[in-house]
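Q: For what it's worth, this note's numbering labels the leading residue of the sequence shown as 22, then goes sequentially. For reference, the structure I am asking about is given below.
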Amino acid sequence: MELKEKGLLETPPRDPKEKIANRLFFIRVGGVSVVMAVTAFIIFWHFGQLAFASPNVDMLLTQAQTAALMTVVGVHIGYIFTARSTFGSAFTFSPFSNKWILGGVAITIIIDLMIVYLPALNNVFRT
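Right, dumping it as structure tokens:
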């Protein structure tokens with residue numbers, strides 16, 4: 022699915038006893054998770070702070086929740102493009118080289134838009 026990285030066969034092989042989900046993996050995933058959570062909180066706070074001083078509390082809180090959801094999805098989409106290489110930059114890959122990732126991102130965006138714009142899903146997800 023993913024094209025091999027340049028110079029991949031020139032690096033020494035991974036130790037078979039080493040776990041795939043190693044310390045570096047958890048640091049990266051943890052870092053992205055913290056950035057995602059803080060960004061979503063800031064977006065929620067920005068859009069939701071007016072809710073408590075307004076008679077339209079429900080509508081403004083719903084808008085804040087929707088903005089936070091879109092932020093989380095956006096960060097995940099960004100992360101999938103940066104996580105394609107262990108050590109290389111995301112700019113070393115063409116964003117169009119992996120059709121499976123593009124399909125997954127397209128499906129994610131479609132589902133996200135359905136959650137926001139379809140009335141039946143608005144009630145379920147409170148968007």
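Every residue gets a Cβ at the ideal spot worked out from N, C-alpha and C, and that includes glycine.
Quick check on E31: does DSSP put it in helix, strand or coil?
A: Residue 31 sits at position 10 when you count from the first residue of the sequence shown. In this structure, E31 counts as helix in the three-state DSSP scheme.
Q: So, do the region 119 to 131 and the region 92 to 111 have three or more beta carbon pairs nearer to each other than 8 Å?
A: yes
Q: By the three-class DSSP mapping on this structure, what secondary structure does F148 have?
A: For the purposes of this step, residue 148 is identified with residue 127 of the sequence shown, where counting begins at 1. Reading off the sequence shown, one finds Thr at residue 148, where the question assumed Phe. T148: coil per DSSP, three-state reduction.
Q: First and last residue of the alpha helix (DSSP H) that includes T103?
A: Against the sequence shown, residue 103 aligns to sequence position 82. Counting along the chain, the alpha helix (DSSP H) containing T103 begins and ends at 78 to 103.
Q: Excluding the 5 residues flanking T148 on each side, which residues of the same chain have their C-beta closer than 8 Å to its C-beta?
A: The residue labelled residue 148 in the question sits at position 127 within the sequence shown. Contacts found: T83, Q86, T87, L90, I136, V137, L142.
Q: So is I130 in contact with chain C if we call contact Cβ pairs under 8 Å?
A: Note that chain C does not occur in the displayed structure, where there is just one protein chain.
Q: Rounded to whole angstroms, what is the Cα-Cα separation between D36 and L30?
A: Residue numbering aside, residue 36 sits at position 15 when the sequence shown is read from its first letter. Residue numbering aside, residue 30 sits at position 9 when the sequence shown is read from its first letter. Their Cα atoms are separated by approximately 15 Å.
Q: Among K120, T103, T92, which residue has its Cα nearest to the Cα of F112?
A: As a working note, residue 112 is residue 91 in the sequence shown. Of the candidates K120, T103, T92, the one whose C-alpha sits nearest the C-alpha of F112 is T103.
Q: For H154 and I130, what's the separation of their Cα atoms in angstroms?
A: Lying before the first or after the last residue shown, residue 154 is absent from the chain, which here runs from 22 to 148.
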